[in-house]
Amino acid sequence: MTRVLVIDDETMILENVVETLQLEGYEAFGATNGIEGVKQAKSHLPDLILCDVMMPKMDGFTVLVHLRDHPSTANIPFIFLTAKTDRADVRQGMELGASDYLTKPFTTTELIAAVNTQLEKQAMIASAYENKLAEWRNNIFHVLPHELRTPLVALLGYSDLLIMDADTLDGDTVAEMAARIKQAGLRLHRTIENFLVHAQIEIISNDPERIAALHTFTTSDAGAVIARIARQKASEYEREADLTLDVDGTPPLALLDDNLKKIVEELVDNAFKFSEPGTPVGLAVTANDSRCAIRVDDRGRGLKPEQVANIGAYVQFERKLYEQQGSGLGLIIAKRLAELHNGTFQLTSQPGEGTSVEVVLPCA
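Those letters in the sequence shown? Residues 1 to 364, by my numbering.
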């Protein structure tokens with residue numbers, strides 16, 4: 001049964017609202033002051049809260065602040081009940097996170113309509129969240145096993161050949177197999193590393209202290225770091241001639257050296273992965289006094305608008321048409337790292353023409 005908490009110091013109003021809601025089939029209960037209301041909200045976790053503004057001991061605004069600061073009550077829909085209709089009060093309540101206002105005196109119809117509206121909105125949000133979570137689980141189920149199994153099969157297969165035919169294999173063949181084993185190992189290592197990095201980013205994003213700590217780091221030789229990682233990626237794909245760099249004048253950046261490396265690594269890797277050998281991949285840096293933009297362009301197959309909108313962790317597109325290696329984490333990791341450092345991420349793409357990704361980061 002849907003639970004509704006009513007907080008009001010006027011006993012008659014409190015009892016009338018509770019009784020009305022109970023007659024409508026809700027599990028309604030009340031508190032006669034803000035302090036008691038906060039306690040009941042935290043202990044009973046209602047689906048909706050109705051709260052008077054002007055109350056002794058603790059007013060409605062303070063009640064809302066307390067509830068929004070507590071993880072278990074932060075997202076509970078909150079409707080103010082008030083005789084005050086001043087716009088400043090309404091604006092203050094909305095800025096604090098109120099869902100709606102009911103001005104006293106209100107009718108039973110108005111009360112029920114307001115309650116139903118907020119509960120329906122919350123149900124839609126919960127449904128959207130569940131759908132997104134189900135999609136995320138489904139993507140992991142389909143993508144991650146493949147990305148783990150494929151290099152593992154190569155590792156085991158070539159290892160078996162080396163063991164069984166060690167006496168008959170010539171040096172060149174052994175060297176080639178060893179190179180294949182290393183390539184598969186690197187791919188497996190990258191998949192596991194990105195999975196762990198993505199999980200760590202999501203943990204940090206909910207910890208204000210760790211976010212604040214990230215903002216204290218500086219990469220002084222940012223231009224050299226960017227160029228080195230880009231050239232390293234070009235070498236891995238044997239496409240050094242396709243890479244063009246313009247990193248002159250790159251200022252020191254306000255982020256950890258390892259995080260800058262990871263952003264550049266994922267952007268450049270993505271550009272090479274989804275473009276053909278012989279087509280250009282460009283990396284350019286532009287900066288002003290406070291912001292620095294790192295832009296990576298390729299002339300690959302590009303993405304459709306709906307694919308750009310749906311880019312996310314463990315999401316791959318047109319797997320049946322292309323051998324698309326990767327877990328879909330790369331761009332999301334770059335985006336989330338940029339956001340953790342008060343930066344921005346923008347991707348533009350045209351099918352058949354290529355993709356451009358720009359990450360803007362704060363200068364030190």
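Where is the CB? At the ideal position from N, CA and C, for every residue including glycine. Owing to the predicted nature of the structure, the values given are computational and were not obtained by experimental measurement.
For residue j and residue i, the rounded distance between their alpha carbons
{"i": "Ala287", "j": "Asn131", "result": "40 angstroms"}
{"i": "Leu260", "j": "Phe195", "result": "18 angstroms"}
{"i": "Asp8", "j": "Gln122", "result": "23 angstroms"}
{"i": "Ile49", "j": "Val285", "result": "50 angstroms"}
{"i": "Asp5", "j": "Ser127", "result": "Note on identity: in this sequence residue 5 is Leu, with Asp being the wrong assignment. If I take the Cα positions, the gap works out to 23 angstroms."}
{"i": "Phe274", "j": "Ala234", "result": "13 angstroms"}
{"i": "Leu96", "j": "Val247", "result": "44 angstroms"}
{"i": "Arg180", "j": "Glu358", "result": "33 angstroms"}
{"i": "Leu255", "j": "Thr218", "result": "5 angstroms"}
{"i": "Gln346", "j": "Leu14", "result": "50 angstroms"}
{"i": "Gly157", "j": "His198", "result": "30 angstroms"}
{"i": "Thr73", "j": "Ser205", "result": "19 angstroms"}
{"i": "Ile125", "j": "Asp172", "result": "60 angstroms"}
{"i": "Tyr409", "j": "Pro77", "result": "For residue 409 there is no data in the structure shown, the boundaries of the chain being 1 and 364."}
{"i": "Thr11", "j": "Gly30", "result": "10 angstroms"}
{"i": "Thr150", "j": "Lys182", "result": "13 angstroms"}
{"i": "Phe106", "j": "Asp207", "result": "42 angstroms"}
{"i": "Thr108", "j": "Ala134", "result": "38 angstroms"}
{"i": "Ala334", "j": "Gly60", "result": "41 angstroms"}
{"i": "Asp170", "j": "Arg228", "result": "36 angstroms"}
{"i": "Leu155", "j": "Leu186", "result": "10 angstroms"}
{"i": "Thr82", "j": "Leu119", "result": "20 angstroms"}
{"i": "Asp257", "j": "Val65", "result": "37 angstroms"}
Residue i Cβ short of 7 angstroms to the ligand GDP heavy atom set
{"i": "Val285", "result": "This structure simply doesn't include the ligand GDP, nor any ligand for that matter."}
Sequence-distant residues of the same chain with beta carbon closer than 6 angstroms to residue i, five excluded per side
{"i": "Leu303", "result": "Ser349"}
{"i": "Val360", "result": "Arg291, Ala293, Gly343, Thr344"}
{"i": "Met58", "result": "Gly34, Ile35"}
{"i": "Leu21", "result": "Val4, Ala28"}
{"i": "Leu237", "result": "This sequence places Tyr at residue 237; Leu is not what is there. Closer than 6 angstroms at the Cβ level, and outside the excluded window around Tyr237, lie Phe272."}
{"i": "Leu321", "result": "At Leu321, the pLDDT of 39 sits below 50, so the modelled position is not reliable; the number obtained from the coordinates is stated separately. For Leu321, where only same-chain residues beyond five positions count, there are no Cβ hits under 6 angstroms."}
{"i": "Gly326", "result": "Only weak support exists for where Gly326 lies, its pLDDT of 47 falling under 50; the value from the coordinates is given anyway. Cβ neighbours of Gly326 beyond the five flanking positions: none."}
{"i": "Ser356", "result": "Asp297, Thr348"}
Element boundaries [beta strand (DSSP E), containing residue i]
{"i": "Asp8", "result": "Unbroken run through Asp8: none, as it is neither H nor E."}
{"i": "Pro251", "result": "Careful: Pro251 lies outside any beta strand (DSSP E) and carries neither H nor E."}
{"i": "Glu265", "result": "Note, Glu265: premise wrong, no beta strand (DSSP E); alpha helix (DSSP H) at 257-273."}
{"i": "Glu209", "result": "First-last for Glu209: 208-214, but that is the alpha helix (DSSP H), not the beta strand (DSSP E)."}
Selected residue, minimal CA-CA separation from residue i, among the options
{"i": "Leu152", "options": "Leu188, Lys121, Ser205", "result": "Leu188"}
{"i": "Val174", "options": "Ser159, Arg301, Glu276", "result": "Ser159"}
{"i": "Ala114", "options": "Ile79, Leu96, Ala126", "result": "Ile79"}
{"i": "Thr2", "options": "Leu45, Leu14, Met94", "result": "Leu45"}
{"i": "Leu295", "options": "Glu266, Thr279, Glu236", "result": "Note that residue 295 is Arg in the sequence shown here, rather than Leu. Cα-wise, what sits closest to Arg295 is Glu266."}
{"i": "Pro56", "options": "Leu67, Gly37, Leu156, Ser72", "result": "Gly37"}
{"i": "Pro366", "options": "Ala41, Val53, Glu95, Asp52", "result": "Limits of the chain in this structure are 1 at one end and 364 at the other, which puts residue 366 out of reach."}
{"i": "Glu193", "options": "Asp170, Arg239, Leu148, Gly223", "result": "Leu148"}
{"i": "Leu331", "options": "Lys262, Pro208, Leu156", "result": "Lys262"}
{"i": "Arg301", "options": "Glu339, Glu353, Lys335", "result": "Glu353"}
{"i": "Ala213", "options": "Leu119, Gly25, Asp52, His341", "result": "His341"}
{"i": "Pro251", "options": "Val225, Asn270, Lys335", "result": "Val225"}
{"i": "Arg68", "options": "Leu253, Ile229, Met94", "result": "Met94"}
{"i": "Gly278", "options": "Val264, Leu253, Asp257, Arg239", "result": "Arg239"}
{"i": "Arg231", "options": "Leu102, Leu155, Asp269, His66", "result": "Asp269"}
{"i": "Glu339", "options": "Ile201, Gly249, Arg228, Asp258", "result": "Ile201"}
{"i": "Asp47", "options": "Val63, His66, Val53, Asn75", "result": "Asn75"}
{"i": "Val17", "options": "Lys104, Thr168, Glu276, Arg91", "result": "Lys104"}
For residue i, the residue or residues it bridges with in DSSP
{"i": "Gly282", "result": "Thr244, Asp297"}
{"i": "Ala74", "result": "None; Ala74 has no bridge partner."}
{"i": "Ser356", "result": "Asp297, Thr348"}
{"i": "Ile49", "result": "Leu5, Phe78"}
{"i": "Thr219", "result": "Leu253"}
{"i": "Tyr101", "result": "Phe80"}
{"i": "Arg291", "result": "Pro362"}
Chain-order list of residues whose beta-carbon lies under 8 angstroms from that of residue i (same chain, five-residue window excluded)
{"i": "Thr117", "result": "Asp100"}
{"i": "Leu253", "result": "Thr218, Thr219, Ala222, Leu260, Cys292, Leu361, Pro362, Cys363, Ala364"}
{"i": "Asp289", "result": "Cys363"}
Span of the alpha helix (DSSP H), counted from its first residue to its last, around residue i
{"i": "Thr62", "result": "60-68"}
{"i": "Asp172", "result": "171-204"}
{"i": "Asp338", "result": "It is worth fixing the name first, because residue 338 is Ala in this sequence and not Asp. From DSSP, the alpha helix (DSSP H) with Ala338 extends over 330-340."}
{"i": "Ala28", "result": "Per DSSP, Ala28 belongs to no alpha helix (DSSP H); it is in the beta strand (DSSP E), 27-31."}
{"i": "Lys39", "result": "34-44"}
Contact set for residue i: own chain, Cβ-Cβ below 7 angstroms, skip 5 residues either direction
{"i": "Leu161", "result": "Met177"}
{"i": "Pro280", "result": "Asp242, Thr244, Arg299"}
{"i": "Thr62", "result": "Gly34"}
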